């Protein structure tokens, strides 16, 4: 039997991975969060524009997955900054 993950579960897994990066090295994690978050946002925007121009057979869960991938680094950063009250490399 094949296990299918729901979008909420994927979001939680991504947040945990980003939080692990934040705990190991906050400078590297901030760069990874900015880069990956902006890449996923660009892919989402291009996909939505293409979808508006011409309907495709892309399933709806793809757009939710991209949206979750945009918000996961933001949520992880907010959690980390809420716990640590800032980052070390900015001092």
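Numbering (the numbering used here), first residue to last: 1430 to 1520. Where a beta carbon is used, it is the ideal one built from N, C-alpha and C, also for glycine. Computed from a predicted model, the values in this text were never measured in an experiment.
- Of the other Cβ atoms in all chains shown, fewer than 16 fall within 10 Å of the Cβ of residue 1518; this residue is therefore exposed.
- When Cβ pairs closer than 8 angstroms are counted between the two stretches, the region 1472-1492 is seen not to touch the region 1502-1513, the count staying below three.
- Counting only the Cα atoms, residue 1501 lies some 12 angstroms from residue 1451.
- Between residue 1497 and residue 1440, the C-beta spacing is below 8 angstroms.
- No Cβ-Cβ contact shorter than 8 angstroms links residue 1470 with residue 1492.
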